[in-house]
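Residue 72 in our numbering is what sits at position 68 of the sequence shown, and the numbering runs on without skipping anything.
First comes the structure, then the notes that go with it.
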Amino acid sequence: MKKILLFVLMLVLGSFSFAENVVITSIQPLYSLTSYLTKGTDIKVYTPFGSDISMTMSKESIREEGFNLAVAKKAQAVVDIAKIWPEDVIYGKARMNKINIVEIDASHPYDEKMTTLFFSDYSNGKVNPYIWTGSKNLVRMVNIIGRDLIRLYPQNKAKIEKNITKFTADLLKIENEANEKLLAVGDAEVISLSENLQYFLNDMNIYTEYVDYDSVNAQNIAKLIKDKGIKVIVSDRWLKKDAIKALKEAGGEFVVINTLDIPMDKDGKMDPEAILKAFKENTDNLIEALSK
């Protein structure tokens, strides 16, 4: 009898030993943040999407008949931002596969002792979901995700805490270098054609005047920068080539800010380091335009 009990105990312990630690994410920013936090741990970060599915198309992809999230059966958690962006429906799909899977909402700290995120509203009153484009929110998001990962995987506590510290230091280094360069710029001001960029521009302390994207064309862009007295135009999507040409001929500059709506590609998959890469590229490109 003792031998049988010992055998059963060994089987149970063995099943725990060989169980995978899996966390599911959907959109590029969360995949990247969670990947940073789990470096050097035994936690695998999984996204069902490749680099060809945009953030705004993820909901439709998840609801397609052939969408498979069977990996949820062996996962312990899903990282999303459903509180601020209801289009992030990955957790509901995961829960259909596993009733006790945990939701980690990177936009909402359930711990009252943690600092809440800063939210901006669009002109239509809806909340802007592009929270990761601002440095202050990024630091808070990484702490929200990290804290819950530590509670789920306490054996990885030291590694996760180290990764939180390193990510924060790397982010602030980029921001501090950008701020130093901005001091050398005369007027740090832009015309923005997208309200999605609120967090990024606010945290960079850039004076911003918003103009509707669809109202700008090659015929009026020179007059626009003259009337506003601002030479740099930013957006999260490209203007037509003739409009950009007319802008440059009028002495202006155009900068596309990458919100990671479309994932960064790395061998056909989402780039796990995209979040800091995009932040640095965005700050570098903006400062270069402001310096001309």
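Using N, Cα and C, we set each Cβ at its ideal position, and we do this for glycine too.
Can you tell me whether residue i is buried or exposed, with buried defined as 16 or more other CB within 10 angstroms of its CB?
| i | result |
| --- | --- |
| V82 | buried |
| A162 | exposed |
| F71 | exposed |
| W242 | exposed |
| M145 | buried |
| L17 | Interpretation of L17 is limited by its pLDDT of 45, a score under 50 that renders its predicted location unreliable; no figure is taken from the coordinates. |
Classify residue i as helix, strand or coil using the three-state DSSP reduction.
| i | result |
| --- | --- |
| A226 | helix |
| Y40 | helix |
| F71 | coil |
| K177 | helix |
| V220 | coil |
| T45 | coil |
| M145 | helix |
| G150 | helix |
| L243 | coil |
| Y203 | helix |
| S295 | helix |
| Y35 | helix |
| A250 | helix |
| L264 | coil |
Nearest to residue i by alpha carbon, out of the options?
| i | options | result |
| --- | --- | --- |
| I225 | M208, I195 and A76 | I195 |
| V75 | S62, I105, A86 and D84 | I105 |
| D46 | F53, T38 and P52 | T38 |
| T29 | T287, I149, L186 and A282 | I149 |
| D269 | A278, A254, F171 and T263 | A278 |
| V27 | P33, S36 and Y50 | Y50 |
| I85 | K78, I94 and L187 | I94 |
| E24 | Q32, M61, A79 and I66 | A79 |
| D265 | D240, F283, V259 and L41 | D240 |
| I88 | V131, K185, N147 and N289 | V131 |
Using DSSP bridges, identify the partner residues of residue i.
| i | result |
| --- | --- |
| I28 | Y50 and V82 |
| I195 | E213 and I237 |
| K301 | Since the first residue of the chain shown is 5 and the last is 296, residue 301 is not available in this structure. |
| V259 | V238 |
Below 7 Å, is the gap between the Cβ of residue i and the nearest heavy atom of the ligand ATP?
| i | result |
| --- | --- |
| A278 | Judged by which ligands are present, the structure shown has none, so any question about the ligand ATP falls away. |
8 Å is my cut-off, CB to CB: does residue i come that close to chain B?
| i | result |
| --- | --- |
| R67 | Protein chain content of the structure displayed is limited to a single chain, and chain B is not contained in it. |
Where in the stretch 73 to 143 do unbroken runs of the beta strand (DSSP E), each at least 3 residues long, occur, reported from the N-terminal end onward? Within the stretch 73 to 143, the complete beta strand (DSSP E) runs of at least 3 residues are 81 to 84 and 106 to 109.
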